[in-house]
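Beneath this line is the structure, given in structure tokens, with notes to follow.
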Amino acid sequence: MKLQAVKGMNDLLPPATALWQHVEATARALFGRYGFQEVRTPMVEATELFVRSVGEVTDIVGKEMYTFTDKGDRSITLRPEGTAPAARAYIEHNVGNLEPLTRWFYLGPMFRYERMKTGRYRQFHQLGAEAYGTLDPAQDVELIALVAAFFRVLGVPDVTLHLNTLGDGSTRPAYLAALKAHFEPLVAQMSDDAKLAFERNTMRLLDSKEAALQEAIAAAPAIVDFLDEGSKAHFDDVRRLLAKLELPYVLDRRLVRGLDYYTRTTFEFVYAPAGDNALGTAGTVCGGGRYDRLVHDLGGPEKPAVGFAMGLDRLVLLLEKLRAPKREGPLLFIGTFDGPERDDALALVMRLRDAGHFVDFDPRGGKLGKQKERASKVGARFFAGYGGDEHASRTLKVDDLSAPKDAPRSEHVSLEALAGWLSKEAQTA
Ligand code: HAM
């Protein structure tokens, strides 16, 4: 049997990993500036956590979870998302009692047994943020502004914010009754999945891809028409603040999201360029919203919360299309000779690295010309051979690899001055 990565789970190789690192470093810096701190939870959780939060009658829990029994006979699940694990940790560590407001972010792999296509994988990566402790619309808008800033800093174009509200507990019953009455005449034509949704989680029907339901979905009542006063005022405030921050959006009455824990604000950022869409139909690069009851429903205190998660695989795919990832080369590549000075050359490489410089060499040694070729190939800026003469004179002839072939440039630099010289060159790079 030929060994291969599990279907839907990708190896990430250089040079693409450099782009991942760039995205992750940008996230850490930006999220930090917004006052969000990193949380890391385990990759597996008790299955019940997702059943009770994401919801039993959802695609994620119903069809897509990697669930198995461990050796202690417990049902555990590879996390399909990060909100429920973060809420579980927030409750377990009593964080809500220790501080009134908590803002966390996380970054890591999630797992869903989904039908694969461009931008949709079975192991994928999310960058998420969750804020616990306030119902204030300023918190919703801060999170949306954070996503918008992230895309701006990374240079991701053509992303549109879609916005909706699902109201709260007092909105739901009237809306669900209207939705049920709307779909009732179609029950006989529904698949078993859709029938189950109709009975137990009617809002999920709005996500259904079944052909027989599309017309009814398009004509279905919208939750915004059923909002109670509180939810309506909350949504108005969210919209007023978005306008104040000049964050454009489209109102999307059908945006119900695929997870059950949402209340009030829901949003998605969708990549929709004028021409070809590199993400195909997997254009949603971020999804989120409020979930004011989840912490309490999972056994914690009454803590309203709001958050989002971005699909990093999709983001990296887009960035790759915009600019090919480039390997960053060493500042100096040292060529070595067979002989007693080779050890000194290696010691010099290590010393310069300890001094903070990106310096490389070819551990295979060999002809100096070949080593210089290798230096060019890995994108080094300077090359210098270190053999008996250089050792005796304590001086290297440093070639500038960026100089044109017919006008070579080199400089003699003493071993003592080399680290300082590199520092200067690094600044002008
Ligand atoms: P979600 O909409 O299920 O929300 O996922 C968020 C994002 O993860 C999606 O918009 C998409 O970019 C990415 N994503 C989801 N599934 C895949 C996949 N199979 N392959 C590649 N990317 C994928 C949540 O997970 C919520 N926990 C978000 C949230 C946080 N809501 C409140 N706080």
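Residue numbering for the sequence shown follows our numbering, starting at 972 and increasing by one per position.
Using N, Cα and C, we set each Cβ at its ideal position, and we do this for glycine too.
Using a C-beta cut-off of 8 Å, the region 1144 to 1164 makes no contact with the region 1316 to 1325, since fewer than three inter-stretch Cβ pairs fall below that distance. Every unbroken stretch of the beta strand (DSSP E) spanning 3 or more residues and falling wholly within the region 1286 to 1323 is given here in chain order: 1303 to 1307. When C-alpha distances from glutamine 1097 are compared across Val1256, Leu990, Glu1181, Ala1165, the shortest belongs to Val1256. Non-local beta-carbon contacts of threonine 1029 in its own chain, meaning distances under 8 Å to residues more than five positions away in sequence, involve Asn1172, Arg1175, Gly1229, Leu1230, Asp1231 in chain order. Aspartate 1370 is bridged by DSSP to Phe1354, Ser1381. Per DSSP, histidine 1096 is one residue of the beta strand (DSSP E) stretching across 1094 to 1103.
In this structure, the CA atom of phenylalanine 1304 is about 26 Å from the CA atom of tryptophan 991. Shortest gap from the CB of aspartate 1284 to any heavy atom of ligand 1: under 8 Å. If you look at tyrosine 1146, you'll find it isn't in any beta strand (DSSP E); it sits in the alpha helix (DSSP H) that goes 1143 to 1154.
Relative to ligand 1, the beta carbon of valine 1010 is positioned no closer than 8 Å to any heavy atom. With a contact defined as Cβ atoms closer than 8 Å, proline 1301 and alanine 1351 qualify at about 5 Å. Tyrosine 1262 has its Cβ nearer than 8 Å to a heavy atom of ligand 1. In this structure, the straight-line span from the alpha carbon of leucine 1132 to that of valine 1241 is close to 7 Å. Taken in chain order, the complete beta strand (DSSP E) segments of 3 residues or longer contained in the region 1029 to 1092 are 1038 to 1040, 1046 to 1049, 1073 to 1082. Beyond the five residues adjoining it in sequence on each side, alanine 1183 comes within less than 6 Å, by CB distance, of Gln1160 in the same chain, given in chain order.
The C-beta of histidine 1383 has fewer than 16 other C-beta atoms within 10 Å across all chains shown, which makes the residue exposed. Under the 8 Å Cβ criterion, the region 1055 to 1069 counts as touching the region 1001 to 1014, having at least three qualifying pairs. Between glycine 1260 and arginine 1235, the CB-CB gap stays under 9 Å.
When the alpha-carbon of arginine 1380 is set against those of Leu1386, Arg1365, Phe1353, the nearest one is in Phe1353. For glutamine 1008, the three-state secondary structure derived from DSSP is strand.
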